[in-house]
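Beneath this line is the structure, given in structure tokens, with notes to follow.
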Amino acid sequence: MSLDLPINPRPKRIAIVGGGISGLAAACLLAPHNAVSLFEASPRLGGHARTVTAGINGDQPVDTGFIVFTDANYPHLTKLFRDLDIPVARSDMSFGASIDGGRIEYGLRTLSALTAQKRNLLRPGFARMVRDILRFNAKAETLAGDDSATIGELRDAMRLGSWFKDYYLTPLSGPIWSTPPEQIRAFPARALIQVFRNHALLSTSGQHQWWTVDGGSVEYVRRLERALRGRAVAIHAGTRVHNVVRDGDQSIVHSAAGPHEAFDHVIFACHPDQALRLLERPTKRESAVLSAQRFQDNEMILHRDGGQMPKRRAVWSSWVCTAETRRPQARSNPARSRPGVCAGRKARSSLMNRSMKSNAVERNTGRRLLS
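By the count of the numbering used here, the sequence shown reaches residue 396 at its end, each step adding exactly one.
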């Protein structure tokens, strides 16, 4: 008979750098069997999840970062929300376009939105665009198998027309990556097709069901924080990590919280370039991987200016892209792009007109991962 008693391993001390959804979810899953400390430089948790109270009566929660999700493409997030009993409501991700101040307008949500501008039915270019959309949806996934092919090369290979490029592909791709139209042509075609497939944009049977957090994404952040505190996670909000140094089998975290702390593991739930700056002596592989991603800064404006929306109400959609393709005339106002929806050829929020300035609720700047 053995007298050996089972030995319970010492709980691992784990530091998580970053209090966005990645860091919060990691802490929630690891906390039951480990000693977890969460560090977030910002005074608030949530990262990309951000809710602003707006509306005429000042009582409408509006998400300006994380907005929607689907069960098909966000299975882990969906499970987390169910486990925490986070309330959700049905939503959609419809698309509409308004070109040259309403000269050309259409939406993709319903047939009535597609034909909202009756003049389009008499335009041969519009009919060709619709045919090109159907052909693109049917064949693009097969033709975009080469990782080196760009969106521009795929369009040329499929002989897709100028209406498809100017009034469908470029406006639709811009909001997906928050990217100026002139840069879309050089994007990898396979990445575009992957996004289109994930969002069921290549499907003829409709999109996935989209969901949004009832009360705004701030609601899931509150419930996650409450769950973490209930699981004894040490939350250090408003605490910047200065660097992380390897020391044998441990990692030493130097932060604004005070004396340095030793951890068995460190999870970087932040942007790759931020993680690289925090590592005291990164390996060659870490340097190569963490420096490979590109980012773009984007200015976002939450507004209540109906003048920035399509002229035809049937075209109003979740994503609305307004673009100016005409060359500005001498002594006239510059080509106008409408921040907060999608930019035209000039993706500069400084061009927003006086109406939007007076109706702006909030301006914010965010980073978008490009590759």
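Note that the Cβ used here is the ideal one computed from N, Cα and C, for glycine as well.
Residues in its own chain within less than 6 angstroms of residue i by CB, not counting five upstream and five downstream?
i	result
TYR245	ILE111, VAL238
ARG215	ALA169, ASP172
ALA60	PRO36, ARG38
LEU227	ASN162, PHE221
ILE292	ILE41, ALA51
For residue i, which three-state DSSP category applies?
i	result
GLY199	helix
ALA66	coil
VAL238	strand
TRP188	helix
THR135	coil
GLY255	helix
ILE92	coil
ILE158	helix
LEU227	coil
THR167	helix
Give the C-beta separation of residue i and residue j to the nearest angstrom, bearing in mind that I take them to be a contact with Cβ-Cβ under 8 angstroms.
i	j	result
ALA339	HIS233	So it is not a contact: roughly 23 angstroms between Cβ atoms.
ILE39	ASP289	7 angstroms
GLN321	ASP298	Actually they do not touch by this definition, with Cβ atoms about 13 angstroms apart.
PHE64	THR264	5 angstroms
LEU303	VAL269	5 angstroms
Quick check: what's the CA-CA separation for residue i versus residue j?
i	j	result
GLU286	PRO68	21 angstroms
VAL266	ASP272	17 angstroms
ARG144	VAL87	35 angstroms
LEU185	ALA122	19 angstroms
ASP125	ALA348	6 angstroms
ILE260	ALA66	11 angstroms
CYS346	ASN82	27 angstroms
CYS367	ALA138	Low confidence applies to CYS367: its pLDDT is 39, below 50, so where it sits in the model is not reliable, and the reading given next is rough at best. The alpha-carbon atoms of CYS367 and ALA138 are separated by roughly 19 angstroms.
LEU102	VAL93	11 angstroms
THR78	ARG115	20 angstroms
PRO206	GLU178	15 angstroms
Would you say residue i and residue j are within 8 angstroms of each other, going by their C-beta atoms?
i	j	result
ARG153	ILE176	no
SER242	ARG107	no
VAL155	TRP236	no
ALA262	LEU70	yes
LEU159	ARG180	no
TRP188	GLY132	no
PRO34	ARG256	no
ARG351	ALA141	no
ILE218	ALA165	yes
What residues in its chain sit with their C-beta under 7 angstroms from that of residue i, if we drop five residues either side in the sequence?
i	result
ALA294	ILE41, VAL42, GLY43, GLY45, SER47, GLY48, ALA51
For residue i, collect the residues of the same chain with a Cβ closer than 8 angstroms to its Cβ; drop the 5 residues on either side in sequence, then sort them by chain order.
i	result
ARG134	ASP117, SER119, PHE120, GLY121, SER342
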